[in-house]
Amino acid sequence: MTPVLDLVPIWTAILAVGVFFYVALDGFDLGVGMLYNFAPDRAARNLIMNSIAPIWDGNETWLILGSVGLLAAFPVAFAIIIPAVYFPILLMLLALIFRGLAFEFRYRDAEHRTFWDHGFAAGSALAAFAQGVVLGAFIQGFHIEGRQFIGSSFDCFTPFSIFTGIALMFGYSLLGAGWLVIKTDGELQQWARSFGRRCLIGTVLAIAVVSLWTPYLNAGIAARWFSWPNIALLAPVPIVTAILAWYAWRSLDSGSEYGPFFAGLGLFVVSYAGIAISLWPMIVPGHFTLYQAAASPSTQAFLLIGTLVLLPVILLYTGWSYWVFRGKVRADAGYH
Amino acid sequence: MHLDPELLSRVQFAWVVGWHILLPAFTVGLASFVAFLEGAYALTRRPVFLNLSQFWLRIFAISFGMGVVTGIVMPFQFGTNWSRFSDAVGNIISPLLAYEGLTAFFLEATFLGVLLFGRKLVPPSVHFLAAVLVAVGTLSSSFWILATNSWMQTPAGYEVIDGRYFPKDWFEIVFNPSFPFRLAHTVSGFYVTTAFVVLGVGAFLVRREQSSAEGRMMLRLALWFLTIFVPLQIVLGDQHGLNTLEYQPAKLAAIEGLWDGGRGVPASLIGWPDAAAERNIDEIAIPRLGSLYLTHSLDGEVKGLKDFPPDQRPPVAIVYFAFRIMVGVGLLMLVMVAAGLVLLAKGRLDAARWYLGLCQFTACLGFIAVIAGWTTTEVGRQPWTVYGLVRTVNSVSPSLTGPDVLISLLLYIAVYLLIYPVGLAMMFRVVRRGPATSEDTEPVVSGRPKSPIEALQVPEAAR
């Protein structure tokens, strides 16, 4: 198969969208899981869990698509990055096991409900933290020889990556709080709003610190952001971030139901764009560009044909299922 | 003690895939069974079908949830522990894995939500459609993952550039020589596995005289199904074996415990394969029978293990015994089905307590056969990850140390030994409660605290 058109940008876009869908969707339900631990009582916990019970599985599926999509579009990046973050991936997978099973197990294993409740909250927190560590390690770069990672499996744990781990916990919690504002009302919604404010403060601080820390780590990234005329061209990124943060705060305080969630999502979009600007055009920072790491045109073409058909269908029925389960979750229908 | 990252990675992969495969082995069949029950209810409106569907859905929810979380582990293993394999063949296997996600996982996940939580939120026809789509998803998943696995067993349609493997013909890659046989044999095996569980649960309910109508229905549905599928499965297995003879002769020689190849080879019934001495100890074998069933001729030629250099032979004893366990289980299944049919014909099935008791024990047979069969084919592929092309020793991630993998392996062992017994206990609890005392038969809005569904009411539906 000879390439008739350049598929690398297309796959870059698909992968970027796929990863963002994962971060946005599983982000909010991992966030809901973290907030779960602080819920006032069991009725609230049931409600919180019910708000994501029918959709979490689909949300998590984007993780598989993200990882397999990376392998498909940029195989060498997969072969370098994944072993380099061996332990964060391990922690994430084990955490996701506990968290995913808690949905069924906490109800069916009533004697150990507290254990599964903690498993759900701790699993969500650990998964979020581990993903943040992966992100931090990825930004910092890896020790590579040829086409393989040759550093130690513990290289990925640095002060920076630990910090990005904590940062992502705040970010996901903000999305989770926004989701609960949409799905609940009354006291529980007020509770979600107040937690949302704390998570917003944490998230904004974390964004600020990571934004200053990253160029400090890497002179190339510093030059990209702070050299003229980039500094002027890229100025919208921090400005939009500030506006979104302000809007998120205001919507948490006002009666806005959808504002907090979508403002939180907006903060993720600008942060994501910020990282992309810092690293472009590398897929393995410092070593492989998107083009150097790209899979063979035949591989990319073969998968693209199906993806162009299937992805819109998936989005369609995923959207439909969100619509089926729309509206507030209610406890009064379920309890005497 | 020297900790070998390659060996430990293999043990880890065997551990996580071995536990994982038990769940698809059950849920692929169960999804189709639930779709069948939902369809039967839609057509006949007999409550027994609805009760059965709701009963099995509760078990499906537990097992499918476990299948999802243990399944997410799998693609990451390719990266964490087998990165050189990923780099070498990523261009070929990755689209197959991605198609599994695109055509199966999203379908299953989304429509399972509707199936479990949406009975009152969507029209009955849409609910039935959700059941069908979940079943289609599980089958599509089997298709793509077995295409991937089959390509690793019998690679085709590729070209080699600088030691890495690139696609040349996608049709040949997907429909590689062992794929049709493996797909048929595996999916049929999964269906049989589920049917034996249904048979065992039905027998349990009939014996306890609890939910007898549902129990009797389960016994009959399972028995009729197995009457077709157990013999079919044995035929498919034979065909798969002949395919292995053609494309993976070293694996077949290990299965047969055949050291000296040639014409008119014997069939080894049982013995102890001694790899060092290159012979079987205390063997009982039947002369010429091997050639007969492998080549359908008394003096057909079959290659022996000695026809391959020692570094291209799989661990013979594991393959040899795993295969015999699988075949033994298959024959036991055949006996169970035959006995059940005789009892059914005489009208004594529901009263034959000894047989019903046996059925409870044979509920696990399919799982044993699946693990044994999987062990046969996967260990039989060694010492290669991609048969004849990529060695396992050259597939492991170079950065990993022995202690790294030991830590992860121990954690996987600890977590799986916690979740599997708990999950199994929960499924047993659902079974003991039985379908008649169903928690979901009343309208969803009624009040006891139950599964997450109960509190999940959209305003429109609550009105």
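In order, the protein sequences belong to chains B and S.
The numbering of the first sequence is the numbering used here, which starts it at 3 and goes up by one.
The numbering of the second sequence is the numbering used here, which starts it at -7 and goes up by one.
A virtual CB, placed ideally from N, CA and C, is assigned to each residue, including glycine.
Since we're looking at a predicted model, the values are computed, not measured.
Contacts that Ala139 of chain S makes with chain B (C-beta to C-beta distance below 7 Å): Here residue 139 of chain S is taken as the residue at index 147 of the second sequence, counted from 1. None at all; the shortest Cβ gap to chain B is about 13 Å.
Between Ala130 of chain B and Leu170 of chain B, is the Cβ-Cβ spacing less than 7 Å? If you number the first sequence from 1, residue 130 of chain B lands on position 128. If you number the first sequence from 1, residue 170 of chain B lands on position 168. Yes, Cβ-Cβ distance for Ala130 of chain B and Leu170 of chain B is below 7 Å.
Can you give the Cα-Cα distance for Ile411 of chain S and Gly59 of chain S, rounded to whole angstroms? What you label residue 411 of chain S is simply residue 419 of the second sequence in a count that begins at 1. What you label residue 59 of chain S is simply residue 67 of the second sequence in a count that begins at 1. Straight-line Cα distance between these residues: approximately 11 Å.
Examine chain S for any beta-carbon lying closer than 7 Å to the beta-carbon of Arg44 of chain B, and answer yes or no. As a first step, residue 44 of chain B must be located in the first sequence, where it is residue number 42. Not closer than 7 Å to any Cβ of chain S, the Cβ of Arg44 of chain B fails to qualify, so no.
Could you give the distance in angstroms between the alpha-carbon of Ala26 of chain B and the alpha-carbon of Val34 of chain B? Within the first sequence, the letter at position 24 stands for residue 26 of chain B. Within the first sequence, the letter at position 32 stands for residue 34 of chain B. When rounded, the distance between both Cα atoms is 12 Å.
Can you name the residues of chain B whose CB is closer than 8 Å to the CB of Pro159 of chain S? Locating residue 159 of chain S in the second sequence gives position 167, counting from the first residue. By Cβ distance, chain B contributes Ser298, Ser300, Thr301 and Phe304.
Rounded C-alpha distance that separates Glu106 of chain B from Ser126 of chain B: Walking along the first sequence from the start, residue 106 of chain B turns up at place 104. Walking along the first sequence from the start, residue 126 of chain B turns up at place 124. In a straight line, the C-alpha of Glu106 of chain B is about 15 Å away from that of Ser126 of chain B.
Would you please state the rounded distance, in angstroms, between the beta carbons of Gln231 of chain S and Thr146 of chain S? I believe it to be under 8 Å. Position 239 of the second sequence, counted from the start, is the residue given in the question as residue 231 of chain S. Position 154 of the second sequence, counted from the start, is the residue given in the question as residue 146 of chain S. Separation of the CB atoms of Gln231 of chain S and Thr146 of chain S is rounded to 14 Å, and the pair is thereby denied contact status at 8 Å.
7 Å is my cut-off, CB to CB: does Arg115 of chain B come that close to chain S? One-based indexing of the first sequence puts residue 115 of chain B at position 113. False, the Cβ-Cβ gap to chain S never drops below 7 Å.
Taking C-beta pairs closer than 7 Å, name the residues in chain S that Glu106 of chain B reaches, listed in chain order. The sequence position of residue 106 of chain B within the first sequence is 104, counting from 1. Near Glu106 of chain B (Cβ distances below 7 Å), the residues of chain S are Ala53, Ile54 and Gly57.
Does the CB of Val3 of chain S have a neighbour CB from chain B at under 7 Å? Indexing the second sequence from 1 puts residue 3 of chain S at position 11. The Cβ of Val3 of chain S sits no closer than 7 Å to any Cβ of chain B.
Give a yes or no on whether 7 Å exceeds the smallest Cβ distance from Ile99 of chain B to chain S. Counting from 1 along the first sequence, the entry for residue 99 of chain B is found at position 97. At least one chain S Cβ lies under 7 Å of Ile99 of chain B.
Would a C-beta distance cut-off of 7 Å place Pro427 of chain S and Ser204 of chain S closer than the cut-off? Residue mapping note: residue 427 of chain S aligns to position 435 of the second sequence, counting from 1. Residue mapping note: residue 204 of chain S aligns to position 212 of the second sequence, counting from 1. Contact: no.
CA-to-CA distance, Leu312 of chain B to Ala242 of chain S, given in whole angstroms: What you label residue 242 of chain S is simply residue 250 of the second sequence in a count that begins at 1. What you label residue 312 of chain B is simply residue 310 of the first sequence in a count that begins at 1. C-alpha separation (whole angstroms): 40 Å.
Stretch-stretch touch, CB-based, cutoff 8 Å, three pairs: the segment 127 to 135 of chain S with the segment 144 to 159 of chain S: The segment 127 to 135 of chain S, when compared against the segment 144 to 159 of chain S, does not touch it at the 8 Å Cβ threshold.
Rounded C-alpha distance that separates Ser273 of chain B from Val136 of chain B: Numbered from its first residue, the first sequence carries residue 273 of chain B at position 271. Numbered from its first residue, the first sequence carries residue 136 of chain B at position 134. Each residue's Cα considered, the two are about 16 Å apart.
Distance, Val212 of chain B Cα to Leu398 of chain S Cα: Within the second sequence, the letter at position 406 stands for residue 398 of chain S. Within the first sequence, the letter at position 210 stands for residue 212 of chain B. Between Leu398 of chain S and Val212 of chain B, the C-alpha separation is close to 34 Å.
Hey, quick one: how far does the beta strand (DSSP E) through Ile276 of chain S stretch, first residue to last? Working through the second sequence from its first residue, we reach residue 276 of chain S at position 284. Element bounds for Ile276 of chain S: Arg271 to Ile278.
For the candidate residues B:Ile233, B:Thr186, B:Ile223 and B:Ile209, whose alpha-carbon lies nearest to that of Leu246 of chain B? Residue numbering aside, residue 246 of chain B sits at position 244 when the first sequence is read from its first letter. For the residues B:Ile233, B:Thr186, B:Ile223 and B:Ile209, the minimum Cα distance to Leu246 of chain B belongs to B:Ile209.
Cα-Cα, which of S:Ile360, S:Arg305 and S:Arg345 is closest to Gly320 of chain S? Here residue 320 of chain S is taken as the residue at index 328 of the second sequence, counted from 1. For the residues S:Ile360, S:Arg305 and S:Arg345, the minimum Cα distance to Gly320 of chain S belongs to S:Ile360.
Euclidean distance between Cα positions of Trp227 of chain B and Leu292 of chain B: Here the question's residue 227 of chain B lines up with position 225 in the first sequence. Here the question's residue 292 of chain B lines up with position 290 in the first sequence. Spanning the two alpha carbons is a distance of roughly 20 Å.
Using the beta-carbon count (16 or more within 10 Å), is Leu17 of chain B buried or exposed? The sequence position of residue 17 of chain B within the first sequence is 15, counting from 1. Buried is the call here.
Can we say the segment 316 to 333 of chain S touches the segment 276 to 294 of chain S, given the rule of at least three CB pairs closer than 8 Å? no
Using beta-carbon positions only, say whether Thr62 of chain S and Ser323 of chain B come within less than 7 Å of one another. Translated into positions along the second sequence, residue 62 of chain S becomes position 70. Translated into positions along the first sequence, residue 323 of chain B becomes position 321. No; because the gap between Cβ atoms is not below 7 Å, this pair is not in contact.
Assuming Val65 of chain S is part of the alpha helix (DSSP H), what are its boundary residues? Numbered from its first residue, the second sequence carries residue 65 of chain S at position 73. Unbroken alpha helix (DSSP H) run through Val65 of chain S: Pro39 to Thr72.
Give a yes or no on whether the minimum CB-CB distance between Gly229 of chain S and chain B is below 7 Å. As a working note, residue 229 of chain S is residue 237 in the second sequence. Chain B, which has no Cβ nearer than 7 Å to the Cβ of Gly229 of chain S, makes this no.
Contacting residues, own chain, Cβ-Cβ under 6 Å from Leu29 of chain S (five flanking each side not counted): If you number the second sequence from 1, residue 29 of chain S lands on position 37. So the list reads Phe41, Leu44 and Ser45, once near-sequence residues are dropped.
Below-7 Å beta-carbon distance, Val326 of chain B vs any chain S residue: As a working mapping, residue 326 of chain B is identified with position 324 in the first sequence. Chain S contact via Cβ: present.
Along chain B, which residues have their Cβ under 7 Å away from the Cβ of Gly78 of chain S? As a position in the second sequence, residue 78 of chain S is number 86, starting the count at 1. The sequence shown places Ser at residue 78 of chain S, not Gly. Leu73, Pro77, Phe80 and Ala81, listed in chain order.
Proximity test, Cβ basis, 7 Å: Val60 of chain S and chain B: By 1-based counting over the second sequence, the position of residue 60 of chain S is 68. By this cut-off, Val60 of chain S is an interface position.
So the beta strand (DSSP E) Trp230 of chain B belongs to, where does it begin and stop? On the first sequence, position 228 is the one that residue 230 of chain B refers to. Where Trp230 of chain B is concerned, there is no enclosing beta strand (DSSP E), given that its DSSP letter is neither H nor E.
Closer than 8 Å by C-beta to Phe393 of chain S: which residues in its own chain qualify, once you throw out the five before and the five after it? Chain order, please. On the second sequence, residue 393 of chain S is found 401 positions in, with the first residue counted as 1. It is Thr, not Phe, that sits at residue 393 of chain S in the sequence shown. Answer for Thr393 of chain S: Leu(-5) and Pro(-3), listed in chain order.
Assuming Gln142 of chain B contacts Leu219 of chain B (C-beta within less than 8 Å), just tell me the rounded distance between them. By 1-based counting over the first sequence, the position of residue 142 of chain B is 140. By 1-based counting over the first sequence, the position of residue 219 of chain B is 217. Right, the Cβ-Cβ distance comes to about 6 Å (below 8 Å), so this counts as a contact.
Residues near His12 of chain S in its chain [Cβ-Cβ closer than 8 Å; skip 5 each side]: The count along the second sequence starts at 1 and reaches residue 12 of chain S at position 20. Hits under 8 Å: Gly59, Thr62, Gly63, Val65 and Met66.
Validate contact between the segment 163 to 179 of chain B and the segment 98 to 105 of chain B using beta carbons, cut 8 Å, 3 pairs: no
In angstroms with no decimal places, state the Cα-to-Cα distance between Thr186 of chain B and Lys330 of chain B. By 1-based counting over the first sequence, the position of residue 186 of chain B is 184. By 1-based counting over the first sequence, the position of residue 330 of chain B is 328. Looking at the two C-alpha atoms, the distance is approximately 5 Å.
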